[in-house]
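Peer 1: Sharing a structure with you now.
There are 2 protein chains.
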Amino acid sequence: MATQNIKPDQARFSEDDVLRQIEQAVLDHRLTPGTKLKEVQLATLFGVKRGLIRKVLTRLAHSRLVDQTPNRGATVAKPSVKEGQDLFATRRVIESAILETLISRAEEQHVEQLGRMLDREQKAYLRGDTERALALSVDFHRQLASMAGNSVLEEYLNDIIRRTPLVILTHLGVDEHNRCRNQEHEAIVDAIARRDVKTAKKVMNQHLLHIESKIKHKPEKPPADLAELLRPRSVEQPS
Amino acid sequence: MATQNIKPDQARFSEDDVLRQIEQAVLDHRLTPGTKLKEVQLATLFGVKRGLIRKVLTRLAHSRLVDQTPNRGATVAKPSVKEGQDLFATRRVIESAILETLISRAEEQHVEQLGRMLDREQKAYLRGDTERALALSVDFHRQLASMAGNSVLEEYLNDIIRRTPLVILTHLGVDEHNRCRNQEHEAIVDAIARRDVKTAKKVMNQHLLHIESKIKHKPEKPPADLAELLRPRSVEQPS
DNA sequence: GATAATAAAATTGTTAACAATATTTTATCA
DNA sequence: TGATAAAATATTGTTAACAATTTTATTATC
Numbered sequence: 002m003a004t005q006n007i008k009p010d011q012a013r014f015s016e017d018d019v020l021r022q023i024e025q026a027v028l029d030h031r032l033t034p035g036t037k038l039k040e041v042q043l044a045t046l047f048g049v050k051r052g053l054i055r056k057v058l059t060r061l062a063h064s065r066l067v068d069q070t071p072n073r074g075a076t077v078a079k080p081s082v083k084e085g086q087d088l089f090a091t092r093r094v095i096e097s098a099i100l101e102t103l104i105s106r107a108e109e110q111h112v113e114q115l116g117r118m119l120d121r122e123q124k125a126y127l128r129g130d131t132e133r134a135l136a137l138s139v140d141f142h143r144q145l146a147s148m149a150g151n152s153v154l155e156e157y158l159n160d161i162i163r164r165t166p167l168v169i170l171t172h173l174g175v176d177e178h179n180r181c182r183n184q185e186h187e188a189i190v191d192a193i194a195r196r197d198v199k200t201a202k203k204v205m206n207q208h209l210l211h212i213e214s215k216i217k218h219k220p221e222k223p224p225a226d227l228a229e230l231l232r233p234r235s236v237e238q239p240s
Numbered sequence: 002m003a004t005q006n007i008k009p010d011q012a013r014f015s016e017d018d019v020l021r022q023i024e025q026a027v028l029d030h031r032l033t034p035g036t037k038l039k040e041v042q043l044a045t046l047f048g049v050k051r052g053l054i055r056k057v058l059t060r061l062a063h064s065r066l067v068d069q070t071p072n073r074g075a076t077v078a079k080p081s082v083k084e085g086q087d088l089f090a091t092r093r094v095i096e097s098a099i100l101e102t103l104i105s106r107a108e109e110q111h112v113e114q115l116g117r118m119l120d121r122e123q124k125a126y127l128r129g130d131t132e133r134a135l136a137l138s139v140d141f142h143r144q145l146a147s148m149a150g151n152s153v154l155e156e157y158l159n160d161i162i163r164r165t166p167l168v169i170l171t172h173l174g175v176d177e178h179n180r181c182r183n184q185e186h187e188a189i190v191d192a193i194a195r196r197d198v199k200t201a202k203k204v205m206n207q208h209l210l211h212i213e214s215k216i217k218h219k220p221e222k223p224p225a226d227l228a229e230l231l232r233p234r235s236v237e238q239p240s
């Protein structure tokens with residue numbers, strides 16, 4: 002009981018925990034492109050030594066979520082327009098391959114599980130819980146990759162998912178219209194159930210293109226307060 | 002003049018240099034799956050401090066080239082059969098997408114440059130310089146990705162290229178027949194020149210499947226002497 | 001000679017201290 | 001008041017020392 006009441010900022014995080022927390026903060030739009038990530042501040046926030054933070058930042062930089070400049074520290078990455086376009090184009094390739102692979106091996110239970118996920122996503126939208134809906138929306142794509150059963154495709158999709166918010170926030174800003182639309186998810190699941198590869202891929206492409214086609218603008222957004230945004234949350238086990 | 006004659010084992014390497022050297026050693030088959038990478042030894046070999054080696058190993062582990070186990074150090078990764086199959090299947094997806102993109106934007110000079118590369122590759126094979134031929138063969142694939150102009154696809158292909166030797170060495174062993182065949186490269190360039198996407202992709206798939214279909218066996222190979230294999234080479238600028 | 005126990009050596013993991021660099025604040029001057 | 005220079009502070013980069021763990025070598029026992 003006592004251990005469960007430990008405040009997050011007093012907990013002792015592992016390297017992977019810290020990495021996950023920062024990745025999640027990017028995904029949630031809590032950390033926006035250009036935000037400065039100061040080592041000492043992060044170490045204090047997470048209750049760890051600076052060395053651990055340096056390791057995490059190295060890994061994040063290697064994954065291109067973070068830009069590291071010698072003697073100037075780390076900032077959340079700001080992808081260029083070209084990089085954004087390339088990322089979305091590649092996402093279309095990867096998601097299509099996932100759908101092909103999934104449909105070639107999908108079972109009844111897979112379709113049912115996807116249906117349940119969509120129910121939850123729809124309910125979250127209806128009650129106005131946009132944060133939860135966004136998370137479920139992202140999970141939908143992850144689940145497709147997991148069900149497809151190709152670990153390398155899954156790995157790349159997860160990489161893309163982590164980087165997608167950077168593109169959106171850098172070039173499009175936070176806007177309801179720059180997110181997944183639930184009915185398109187439904188159409189994809191329907192096509193999977195019918196084993197209709199062509200339709201599934203077509204809808205997925207449209208799904209992604211509706212965001213991608215807008216990557217031209219460059220609205221600027223002021224940096225937010227890092228401590229507030231990145232306040233550690235309890236480490237949760239994946240469902 | 003004096004600086005140019007510095008012996009490699011006395012040079013001061015940057016973090017990126019060391020990373021590149023180790024990656025290259027994997028690509029050359031000098032470092033084989035299961036090989037133990039000891040920090041102090043590497044630090045001595047490269048003339049750097051142990052801290053830098055730890056950073057490099059972190060990055061290599063994040064890229065799955067290296068397995069890191071707490072308190073037991075780092076070894077060159079040994080992908081499972083499934084992982085090997087997934088990697089090759091994903092490679093087919095990525096290479097096909099690269100060909101599509103390239104053909105949609107290819108110019109005369111691209112085709113000429115690829116032709117010159119193939120000449121060099123063929124000559125290396127004919128004079129029995131297998132190491133050089135292998136390097137040129139790998140460069141061929143990299144060049145396709147570079148010409149296609151999608152940086153994310155290129156990044157993923159480079160990741161795949163770095164990991165491919167691990168699969169081959171783990172499951173197939175060093176064998177002339179587990180490498181690219183020059184005539185298939187020629188057929189691919191020919192199809193690109195004719196803007197024949199279908200044929201280009203078909204040949205590329207065959208090209209990769211001729212290796213992939215063999216990923217079932219597990220020949221074992223004894224670990225080699227690390228210091229000999231990983232002796233630093235001079236840092237070369239990419240051509 | 002084989003096995004187990006112990007000791008020694010090697011390796012990995014962590015840390016605080018300090019150096020180097022960048023940023024912010026303060027003082028000075030026109 | 002604004003611009004510039006100097007001083008102070010903050011941040012990043014590096015390092016050696018030490019702790020913790022694993023591996024290897026040596027010794028003891030049967």
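For the protein sequence lines, the chains are S and C, in the order given. Residue 68 in the numbering used here sits at position 67 of the first sequence, with consecutive numbering throughout. Residue 84 in the numbering used here sits at position 83 of the second sequence, with consecutive numbering throughout. For each residue, glycine too, the CB sits at the ideal point set by N, CA and C. Here the structure is a predicted model, which means the values were calculated and not measured.
#1: Using a Cβ-Cβ cutoff of 9 Å, what residues of the segment 141–152 of chain S are near chain C? List them in chain order.
#2: If you draw a straight line from the C-alpha of S/SER15 to the C-alpha of S/VAL57, how long is it?
#3: Report back the beta-carbon spacing between S/GLY150 and S/ARG106 to the nearest angstrom; my notes put them in contact at under 8 Å.
#4: Report the start-end ranges of each alpha helix (DSSP H) in the segment 112–197 of chain C that is 4 residues or longer and not cut off at the edges.
#5: In chain S, what lies closer than 9 Å to C/LEU154 by C-beta?
#6: Quick one, which of C/GLU185, C/LEU231 and C/ARG143 has its alpha-carbon nearest C/ILE99's?
#7: So which residues on chain S does C/THR59 lean against when the C-beta distance must stay under 7 Å?
#8: Using the beta-carbon of each residue, which ones in chain S are nearer than 7 Å to C/ALA98?
#9: I want to verify the contact list: residues of chain C whose CB lies under 8 Å from the CB of S/HIS172, in sequence order.
#10: Within 8 Å (strictly less), CB to CB, does C/HIS208 reach chain S?
#11: With distances taken between CB atoms, is the gap from S/ILE54 to S/VAL112 smaller than 8 Å?
#12: Answer yes or no: do S/ASN183 and S/GLN86 have a C-beta to C-beta separation smaller than 8 Å?
#13: Could you tell me which of C/ALA75, C/PHE141, C/ASP17 and C/GLU84 sits nearest to C/MET205, measuring between CA atoms?
#14: Express the C-alpha separation of C/GLN42 and C/ALA75 in angstroms, rounding to a whole number.
#15: Is it buried or exposed for S/ASP17, if we count other Cβ within 10 angstroms and need 16 for buried?
#16: How do the segment 186–200 of chain C and the segment 66–73 of chain C stand: do at least 3 beta-carbon pairs fall below 8 Å, yes or no?
#17: Nearest-angstrom Cα distance between S/VAL73 and C/ASN159?
#18: With which residues is C/VAL77 paired in a DSSP beta bridge?
#19: Mind checking who S/LYS37 pairs with in its DSSP beta bridge?
#20: If distances are taken between C-alpha atoms only, which option among C/ALA78, C/GLY52, C/LYS50 and C/THR59 comes closest to C/LEU28?
#21: Rounded to whole angstroms, what is the Cα-Cα separation between S/LYS50 and C/LEU209?
#22: If the cut is a Cβ gap below 8 Å, which residues of chain S does C/GLU84 touch?
Peer 2: By the coordinates alone:
#1: Cβ contacts with chain C: GLY150, ASN151 and SER152.
#2: Position 14 of the first sequence, counting from 1, holds the residue named residue 15 of chain S. Position 56 of the first sequence, counting from 1, holds the residue named residue 57 of chain S. Cα-Cα distance, rounded: 10 Å.
#3: Reading the first sequence from its first residue, position 149 is the one you call residue 150 of chain S. Reading the first sequence from its first residue, position 105 is the one you call residue 106 of chain S. About 6 Å separates the two Cβ atoms, so the contact holds.
#4: 131–149, 152–172 and 183–194
#5: Translated into the one-based positions of the second sequence, residue 154 of chain C becomes position 153. The contacting residues are ASP87, ALA90, THR91 and VAL94.
#6: Here residue 99 of chain C refers to the residue found at position 98 of the second sequence. Out of C/GLU185, C/LEU231 and C/ARG143, C/ARG143 has the C-alpha closest to the C-alpha of C/ILE99.
#7: Numbered from its first residue, the second sequence carries residue 59 of chain C at position 58. What C/THR59 touches in chain S: LYS56, THR59 and ARG60.
#8: Walking along the second sequence from the start, residue 98 of chain C turns up at place 97. Per Cβ cutoff of 7 Å: VAL94.
#9: Start at 1 with the first residue of the first sequence, and residue 172 of chain S comes out as number 171. Result: empty, since nearest Cβ-Cβ is about 15 Å, beyond 8 Å.
#10: Within the second sequence, numbered from 1, the residue matching residue 208 of chain C stands at position 207. For C/HIS208, the answer is no, since every Cβ of chain S falls outside 8 Å of its Cβ.
#11: One-based indexing of the first sequence puts residue 54 of chain S at position 53. One-based indexing of the first sequence puts residue 112 of chain S at position 111. Taking 8 Å as the Cβ cut-off, S/ILE54 and S/VAL112 do not qualify as a contacting pair.
#12: What you label residue 183 of chain S is simply residue 182 of the first sequence in a count that begins at 1. What you label residue 86 of chain S is simply residue 85 of the first sequence in a count that begins at 1. No, the Cβ-Cβ distance between S/ASN183 and S/GLN86 is not below 8 Å.
#13: Locating residue 205 of chain C in the second sequence gives position 204, where the first residue counts as 1. That would be C/PHE141, whose Cα lies nearest to the Cα of C/MET205.
#14: The count along the second sequence starts at 1 and reaches residue 75 of chain C at position 74. The count along the second sequence starts at 1 and reaches residue 42 of chain C at position 41. Distance between the alpha carbons of C/ALA75 and C/GLN42 is about 12 Å.
#15: If you number the first sequence from 1, residue 17 of chain S lands on position 16. So S/ASP17 counts as exposed.
#16: no
#17: Counting from one through the first sequence, the residue named residue 73 of chain S turns up at place 72. Counting from one through the second sequence, the residue named residue 159 of chain C turns up at place 158. The residue you asked about is not Val; residue 73 of chain S is Arg in the sequence shown. Annotation: S/ARG73 to C/ASN159 spans about 28 Å, alpha carbon to alpha carbon.
#18: Taking the second sequence and counting its residues from 1, one reaches residue 77 of chain C at position 76. Beta-bridge pairing links C/VAL77 to C/VAL67.
#19: Looking up residue 37 of chain S in the first sequence gives position 36. Its beta-bridge partners are S/THR76.
#20: Locating residue 28 of chain C in the second sequence gives position 27, counting from the first residue. It is C/ALA78.
#21: One-based indexing of the first sequence puts residue 50 of chain S at position 49. One-based indexing of the second sequence puts residue 209 of chain C at position 208. Distance between the alpha carbons of S/LYS50 and C/LEU209 is about 46 Å.
#22: Against the second sequence, residue 84 of chain C aligns to sequence position 83. The contacting residues are SER152 and VAL153.
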